[in-house]
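Please read the structure below before turning to the comments.
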Amino acid sequence: MESGVPRPRGWRPAGDTSFRRFAAVIRDVELDCDCRARLDAALARFAALEGRRTARAHLADARRQRERIESILAFLKDLDELVATEADRNVFAEIAGLFDDIAAAAADGSRALQMLAELPPE
215 MESGVPRPRG
225 WRPAGDTSFR
235 RFAAVIRDVE
245 LDCDCRARLD
255 AALARFAALE
265 GRRTARAHLA
275 DARRQRERIE
285 SILAFLKDLD
295 ELVATEADRN
305 VFAEIAGLFD
315 DIAAAAADGS
325 RALQMLAELP
335 PE
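If you're matching positions, the sequence shown starts at 215 in our numbering and goes up one per residue.
Here's what the structure looks like:
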């Protein structure tokens, strides 16, 4: 856990992909100085682009979860029209499921933002 943010199971830092493995192999290749500098600069630019792409994806995921919660909240308005003596008791189980869906969306949104918080700033 870095910077006080717990990591979800299976979490990997940005760039921990085949690109990192490729870059590690390329570092061991003997190249002339000019070519090495240009290749290193290109790899650094690519890593920065991938980092920004990953950050945008995490933020977009959190926003999708917020939208999901908003849409579920609209269905929860039916709760105001119910009485404790409802004949169809299944309606309470269905609404309980909506709360479960909100909890799941909130957890997913939180996870996305925690992963975003772990990325280095631009």
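Idealized CB from N, CA, C, for every residue including glycine.
Rounded to whole angstroms, what is the Cα-Cα separation between residue i and residue j?
i: methionine 329; j: alanine 276; result: 10 Å
i: leucine 257; j: glutamate 281; result: 36 Å
i: cysteine 249; j: leucine 333; result: 29 Å
i: isoleucine 286; j: arginine 270; result: 24 Å
i: glutamate 264; j: alanine 331; result: 16 Å
i: aspartate 314; j: glutamate 300; result: 21 Å
i: isoleucine 240; j: phenylalanine 306; result: 60 Å
i: arginine 234; j: lysine 291; result: 49 Å
i: leucine 293; j: leucine 312; result: 11 Å
i: alanine 321; j: aspartate 242; result: 42 Å
i: alanine 288; j: threonine 268; result: 31 Å
Is residue i close to the ligand COA? I mean its beta-carbon at under 8 Å from any heavy atom of the ligand.
i: alanine 258; result: Because no ligand of any kind appears in the structure shown, any question about the ligand COA cannot be addressed here.
Drop a sphere of 10 angstroms on the beta-carbon of residue i, count the other beta-carbons inside from all chains shown, and report buried for 16 or more, exposed for fewer.
i: arginine 303; result: exposed
i: glycine 323; result: buried
With distances taken between CB atoms, is the gap from residue i to residue j smaller than 9 Å?
i: alanine 326; j: leucine 253; result: no
i: isoleucine 283; j: alanine 319; result: yes
i: leucine 296; j: isoleucine 309; result: yes
i: leucine 237; j: alanine 262; result: A quick correction: the sequence has alanine, not leucine, at residue 237. No. Outside cutoff.
i: arginine 278; j: glutamate 336; result: no
Need the endpoints of the alpha helix (DSSP H) that residue i sits in, please.
i: alanine 331; result: 304–332
i: aspartate 275; result: 247–290
i: valine 239; result: 232–241
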